[in-house]
Structure formats: structure tokens, C-alpha cells
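Data block below; observations after.
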Amino acid sequence: MATAGASEGCEQGCEQGCEQGCEHYRRGCRLRAPCCGKLYPCRLCHDGAEEHQLDRFRVSEVQCSRCRLLQKAQQRCEGCGSLFGEYYCDICHLFDRDKKQYHCQECGICRIGPKEDFFHCSKCNLCLSLSLQGKHKCIENVSRQDCPICLEDIHTSRVGAHVLPCGHLLHRTCYDEMLKDGYRCPLCMHSALDMTRYWRQLDNEVAQTPMPTEYQNMMVEILCNDCNARSTVQFHLLGMKCQSCESYNTAQDGRCRLSLEEQ
């Protein structure tokens, strides 16, 4: 599967004293928001309750959930010794269970690893699976675009991204939902997965489904959404195949309608 690294996420449960937290993270401390001075389990809890956003990079103080000591941001409580998080990033001030997270300097945030399974694509500006290295279509700063399905941020999302063959990104969950109703990228209409097997099935269906007499000699001009080639083909209600790449992901462009006798 074509995947991109998700930013820091959460799972239920923790070890070695990280028994508290929130629905987003398991951690043993609360962050003191540098913007309003209030204490919250995490930046997401803060942002959901306030009308402004917490800047994770400016966090400098935390409160221990066990002894309530307010102190500088660090991995262990200087009062009772409680572990605030198996993983701690002193840049993002992320405390959480150990899920092989790593801080990517180029992304500017923490990602879920292991780090050795990912590389940072400088053009896409995102950490991608090593399986995509040299095998994906790059789009400049594509990770800074919102998901075209839910219109939410992709770059800092805790939901991983799916890289489409066209190079555009969707949240993995949005990609799965999209496939229930369609197969095309909502931005460029390129096929979002390998449709070769389905196209060959459609070949058989077209061959076995004769058109009504009034359509049998009709030719139409089509544009392929996969390879952008133009073709003049015989009209068929089930689909019209690109003469260049044999995809049925095509659209009639309306330029001409010619009968076979006029060819």
C-alpha cells in the first residue's frame, strides 16, 4: 500500500507510570499552555476547548498528574519520579507510549516510525514509506494541501496519508471511504488504484452487449483521465476505452460525433 508517515498518534494503555492522559495520548502530565496559561492533557484537548491553538513548540512547563508539581517540560517528574511518557520529544513536547516515533527535522514534527522504514521526500515535503522511494510521482509541497475528501490538514494529521498514483494525498481513512463509491482521485480524476483487471472484465461486457441500432455506427471523441490522450472511438453506454492506455476512465469531450459512414 502506498503510505505516508502519520504524525504522532495515540493508543490506549501505557506502562511504567503513564497511566493517565486523555483520549488522544497516554501520558503522565498535563501541558501548561503558553498562550493562556491553562493546563490541558494535550494540545488537541486545548484546541477543542479554546478558541485559539496551542503552539506545541512553545510549551515550557508541565504538571505531573500524580503529585501535581508544576515543572519544566521533561520526561520524568523531578518530584516523584513518574515517567511522563515512554517517548518524549523536547522539540514538539510530545509525551506518549513508545510507538517507534521519531522527530523529522524536515517535516518539523514527530512521525510514527520506525524511522528506518521511512524517508523524507524533499519535493513532496513529507515522510514516505521506503517502498515508495523512486516509485512515486512528486508534487511540490503536496503534504501542505488539505485532504480533498474531508478538507482537513494532512501534514500534521495523526491519521496517515495514502499516496495516489497521480501523486495527490488523501487520509488513509478518507481513501478507504472513497473506494466505497468510486475509484478516481477527486482532484485530477486519475485512477486511484490499478484498474487493469476491471478494465479487462469491462472489455468482455462491452463485447457481449450490442448497442441499439441508432448508436451502432456512432463515433465519439474522448479524453482519457489516466494518460490524457484523445481518441475517437465507437460510442458504448458501458464505457469507452482509451486507444492509448486501454483505460475506461474516460470522458466524452463533446468535440465531435461522427458516424462510421462519414469516416
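The numbering of the sequence shown is our numbering, which starts it at 52 and goes up by one. For each residue, glycine too, the CB sits at the ideal point set by N, CA and C.
Residue j beta carbon less than 8 angstroms from that of residue i
i    : j    : result
M113 : R77  : Inspection of the sequence shows that residue 113 is occupied by Val rather than by Met. Against a cut-off of 8 angstroms, the Cβ pair of R77 and V113 comes out as no contact.
R94  : L105 : yes
C73  : C87  : no
H75  : R107 : no
P85  : S116 : no
T283 : M262 : no
H171 : E157 : yes
L179 : H187 : yes
Close beta carbons around residue i, own chain, < 8 angstroms, minus the five adjacent residues each side
i    : result
L289 : L253, E256, V257, T260
H298 : Sequence check: residue 298 is Ser here, not His. Closer than 8 angstroms at the Cβ level, and outside the excluded window around S298, lie S242, M246, W250, C275, N276, D277, C278, K292.
V193 : C175, N176, L177, G218, H219, L220
E203 : D197, H222
Q152 : E59, Y138, C140, L145, C161, R162, I163, G164
R235 : H241, S242, A243, N276, N300
M229 : I200, L221, P237, A243
K89  : R83, H97, E101
Paired residues, beta bridge with residue i - DSSP
i    : result
C80  : C115
D147 : Y138
F38  : Missing from the structure shown is residue 38; the chain here goes from 52 to 314 and no further.
E318 : There is simply no residue 318 to check, as the chain begins at 52 and stops at 314 in what is shown.
I163 : Q152
L177 : C172
Y91  : L82
R235 : S242
Q196 : DSSP, once it has assigned bridges, lists no residue as partnering Q196.
Opening and closing residue of the alpha helix (DSSP H) in which residue i lies
i    : result
E228 : 223-229
H213 : It is not in any alpha helix (DSSP H) - H213 instead sits in the beta strand (DSSP E) that spans 212-214.
Close beta carbons around residue i, own chain, < 6 angstroms, minus the five adjacent residues each side
i    : result
D304 : E272, L274
G68  : Confidence is the limiting factor: at G68 the pLDDT is only 39, short of 50, which leaves the residue's position unreliable and the question unanswerable from this model.
Q63  : Reliability of the predicted coordinates at Q63 is poor, the pLDDT of 36 falling under 50, and no value is obtained from them.
Y226 : H213
C65  : Here C65 scores only 36 on pLDDT, less than 50, and its place in the model is too uncertain to base an answer on.
S295 : C278, A280
Q122 : E129
A302 : L274
Boundaries (first-last residue) of the beta strand (DSSP E) holding residue i
i    : result
Y299 : Looking at the DSSP string, Y299 is not in any beta strand (DSSP E), and its letter there is neither H nor E.
V257 : Segment 247-258 is the alpha helix (DSSP H) holding V257; no beta strand (DSSP E) there.
R127 : That residue, R127, is in no beta strand (DSSP E); it is neither H nor E in DSSP.
Cβ neighbours of residue i in the same chain (closer than 7 angstroms, five flanking residues each side left out)
i    : result
D149 : E137, Y138
Y266 : F286
L238 : P199, H219
C155 : R162, H171, C178
D168 : S180, L181
G159 : none
K166 : Y153
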